[in-house]
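Protein chains in written order, with my numbering: chain A, 110 to 473; chain B, 12 to 153.
We put the beta carbon where it would ideally sit given N, CA and C, even for glycine.
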Amino acid sequence: MRRVLVPLAVVAAIVLGAGPALACGGLIGPNGTVTLVKTTTLAAYHEGVEHYVTSFRFAGPGGAFGSIVPLPGVPTNVERGGDWTLQRLVREVAPREARATSGAVELAADAAAPAEVLLQTRVDALDLTVLKGGGTAVGEWAAQNGFLLSPDAPEVLDFYANRSPIFLAARFDADAARQRGLSLGDGIPVHLTIPTSNPWVPLRILGLGRQANERVDADVFLLTERRPALLPGDEAPGLQLVRQERASGSLLGDLRSDAGMGWVPESMWLSYLRVAASPEDLTYDLAVDATGADRPSASAAGLREGAVVGGGEDGGGADGGGEDGGGDGRSGLALGLVIAGAGVAVIGAAAAGLLFRNDDGSPA
Amino acid sequence: MRRGRLAVVLLVVATSAAGWAVAATGVSPPPPSPQERTVTLDVRYSRFSPAELEVRPGTTVRFVVRNGDPIAHELIVGDQRVQDVHERGSEAHHGDRPGEVSVPAGGTATTTYTFSRPGRVLLGCHLPGHWDYGMRGVMNVR
């Protein structure tokens, strides 16, 4: 068998990711060649509820495309997101370069049990499935459902499942998209509502399926009511904190005006981080402590093994930030985040996780 | 991940002797033949374990490949030329030729191969990206 050909697709100023989890979509066409890999996501926290707005973008001749996104908790609702939110966030950064409650669903998963399908829905041409399970179980489910995992997927799925056994699998039906009039590069925004107490941004998933000589480029935007403490900090290879400042009123107002975004508070803190790392260096996630306790979780950052079912459980060693007078004194009531990929070089091996098989069922 | 790590093939482990099964009670079992051995290869996170083994020339090894991953793998035994052929090849399934076998996700498969001459013989998986990822090993025949 031979490796999938991977044309590089440079996509400028497009948001990438899914979730605090960023879901860069690893999308592959029926002939095994990738035509476009790009996903746009906003995740925000308010009063213990996290809102993800993720846009899956693609272009292909037909067939099915898929990706998988690790999530910090179990969504209680999955619906079509507003179209304006992601565009507005990208525009905000283009010129220049929670209090959270525990989820109602027990996050612990039996690693040996089959993956449990918690929710299935369809948003336009996207078939979305929320899964709960260990890395092996989720991988088996994916394989049984036509996904083709890259060779590093088993380890990476375990990496996430050991902390949060919740994943979102998205299957993009290109034929259905065409029938709906979607054009090349169009995206379908998806809004996930997720009660969680532990904000973290999956970064390692961005390197999934990539070769050592490739580079992962992504922009990460955080919106919090306080200036957040982050782990890892600038010392992490390939991660740079570019900006930290109060979000503009116009930005928050614009976000608030979009469908399903009425929860956006009046004041938030904007942090902008840039990821430019080799897959080998990108072995961490981004833990966020927006409570003012200045204790981002090492586990949530992927720097320590162990389940993250509540956040802030291990202190982790904050790297700065912390209380700065920002916010209103409440404990991190809101956090929003967007992963944006600017100039993203995309490959054929599922940046976010999974590749589909060919139409005839053979591996792409 | 990837090549750097993959290239780290270590661990020299003596082969198991599971194939030297003897039977019968009351009869002295014959000494295990050095020409027949069974080696169990565990696969986890797209890597063989052990990744380096040693056998004597003339030994026929029965490989038992236990795949602990949720993705399919394969075992191809042969020199660099053989590995190159499979890396460029397009066979979806292996199992008919000695030293070549496909292993389904979570499954076990066996294949045999005779190491006739001294030298290094490679083990590899050539599903897309697996060889480059480091799913390879070596048999030292001496």
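The secondary-structure analysis by DSSP pairs L133 of chain B across a beta bridge with B:G89, B:V149. In this structure, DSSP gives R287 of chain A a helical state, which the three-state scheme calls helix.
Spanning the alpha carbons of G296 of chain A and S60 of chain B requires a straight line of approximately 43 Å. Residue environment for D284 of chain A: exposed (fewer than 16 other C-beta atoms within 10 angstroms of its C-beta).
Residues of chain A with a Cβ closer than 9 Å to the Cβ of D143 of chain B are, in chain order, R112, P260, Q320, A321. Within the same chain, no residue comes within 6 Å of G358 of chain A by CB-CB distance, once the 5 residues on both sides are set aside. Annotation: Cβ neighbours of S57 of chain B in chain A (cutoff 8 Å, chain order): P260, D261, P263, E264. Within 10 angstroms of the beta-carbon of N78 of chain B lie 16 or more other beta-carbons, which makes it buried.
Residue ranges of uninterrupted alpha helix (DSSP H) with 4 or more members, entirely inside the stretch 248 to 273 of chain A and ordered along the chain, are 262 to 270.
In the displayed model, I314 of chain A falls within a helix according to three-state DSSP.
Using a CB distance cut-off of 9 Å, G118 of chain B does not count as an interface residue toward chain A.
Just measuring C-alpha positions, the residue of A:T194, A:G369, A:E264 sitting nearest T302 of chain A is A:G369. G89 of chain B counts as buried, since no fewer than 16 other beta carbons sit within 10 angstroms of its beta carbon. With distances taken between CA atoms, L138 of chain B lies nearest to B:R99 out of B:R131, B:T125, B:R99. Secondary structure of A234 of chain A (DSSP, three-state): coil. G145 of chain B and P223 of chain A have their alpha carbons spaced roughly 28 Å apart. Rounded to the nearest whole angstrom, the C-alpha separation of A246 of chain A and L52 of chain B is 22 Å.
In the structure shown, the three-state DSSP call for G244 of chain A is helix. Beta-bridge partners of H97 of chain B (DSSP): none assigned.
According to the DSSP secondary-structure assignment, Y124 of chain B is paired through a beta bridge with B:V72. When CB distances to chain B are screened at a threshold of 7 Å, the residues of the stretch 240 to 259 of chain A falling below it are T245, G248, E249, A252, L258, S259, in chain order.
For S113 of chain B, there is no enclosing alpha helix (DSSP H); the residue is part of the beta strand (DSSP E) that begins and ends at 111 to 114. Cβ-Cβ distances below 7 Å link A321 of chain A to S387, P388, E389 in the same chain, with the five nearest sequence neighbours on each side left out; the list follows chain order. Listed in chain order, the positions of the stretch 127 to 143 of chain B with a beta carbon within less than 9 Å of a beta carbon of chain A are C136, H137, L138, P139, G140, H141, W142, D143. Within chain A, no C-beta atom comes less than 9 Å from the C-beta of D53 of chain B; the nearest is roughly 13 Å away. Of the residues assessed, V397 of chain A falls on the buried side of the cut-off, its CB having 16 or more other CB atoms within 10 angstroms. For G130 of chain B and R153 of chain B, the gap between their C-alpha atoms comes out near 7 Å. Taking a Cβ-Cβ threshold of 8 Å, the residues of chain A close to D80 of chain B are T245, G248, P263, in chain order.
DSSP places H300 of chain A inside the beta strand (DSSP E), whose first and last residues are 296 to 304. Contact check for A62 of chain B and G148 of chain B: beta-carbon distance about 4 Å, within the 8 Å limit, so the pair qualifies.
Selection B:G106, B:S127, B:V112 evaluated against E65 of chain B yields B:S127 as nearest (Cα-Cα).
Here Q253 of chain A is exposed: its Cβ has fewer than 16 other Cβ atoms, across all protein chains shown, within 10 Å. Scanning its chain for C-beta atoms nearer than 7 Å, with the 5 sequence neighbours on each side dropped, one finds around Q46 of chain B the residues G69, T70, T71, in chain order. Counted as a single uninterrupted DSSP element, the beta strand (DSSP E) harbouring L339 of chain A occupies residues 338 to 340.
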